[in-house]
Amino acid sequence: EGRFIGMTNLREISAEYCSAEGGMLIWDEEHQNSLVPFRAALVGTDLAFWEYGFERIYARVLVSNPRARRFNKALGYVFEPDPEEGVLRGSVTPAQYWAATAGLRKVLDEHDGTENGGVPWPEEIAAARAARKKPPTGP
10 EGRFIGMTNL REISAEYCSA EGGMLIWDEE HQNSLVPFRA ALVGTDLAFW
60 EYGFERIYAR VLVSNPRARR FNKALGYVFE PDPEEGVLRG SVTPAQYWAA
110 TAGLRKVLDE HDGTENGGVP WPEEIAAARA ARKKPPTGP
């Protein structure tokens, strides 16, 4: 509603490995335990996998932050068993992500009383991509 409540990013982008590290910070406490962070993560991760063609997205989470661990696991991230200096490292592939977020997308649909809750399903994204016209190649 016209105010900034947080930010998301992709960094450490690797063209060689088709990967990046994702991050999110929601500083507005009103939205920290809402569906808004999930919506932001879905939009950004859908874009990263479908449009940018990433094959893996990485995340770092403090061991002392169980909320962030649960959040990332809900998106399909799998964490390495041994943290380094209190930081867990995890990653997610497109297959893990789509499988993990199917239920979340249904929750958003039901919550909003709409068919897609404002977050497209993978099939809708694929159909939209296939329907696009190729850009002009010149004169």
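Just so we're on the same page, our numbering is the position in the sequence shown counted from 1, plus 9.
Built from N, CA and C at the ideal position, the CB exists for glycine as well.
- For N81, the secondary structure class from DSSP, reduced to helix, strand or coil, is helix.
- Within the model, the alpha-carbon separation for P46 versus E25 is close to 29 Å.
- Linking G85 to A108 through their CA atoms gives a straight-line distance of about 7 Å.
- The residue among A104, S28, R69 with its C-alpha nearest the C-alpha of Y61 is S28.
- Contact annotation: Y67 and S100 have beta-carbon atoms nearer than 8 Å.
- Under a 10 Å Cβ-count criterion, A111 is classified as exposed, with fewer than 16 other Cβ atoms of the shown protein chains found around its own Cβ.
- Counting only the Cα atoms, E119 lies some 25 Å from M33.
- Assignment of R114 by DSSP, reduced to helix, strand and coil, places it in the helix class.
- For T54, the enclosing alpha helix (DSSP H) has its first and last residue at 45-55.
- Residue burial annotation: V70 is buried, with at least 16 other C-beta atoms found within 10 angstroms of its C-beta.
- The DSSP assignment places 96-101 as complete runs of the beta strand (DSSP E) inside the region 89-114, in order along the chain (cut-off: 3 residues).
- E21: member of the beta strand (DSSP E) spanning 15-23, first to last residue.
- CA-CA distance, G11 to Y106, rounds to 30 Å.
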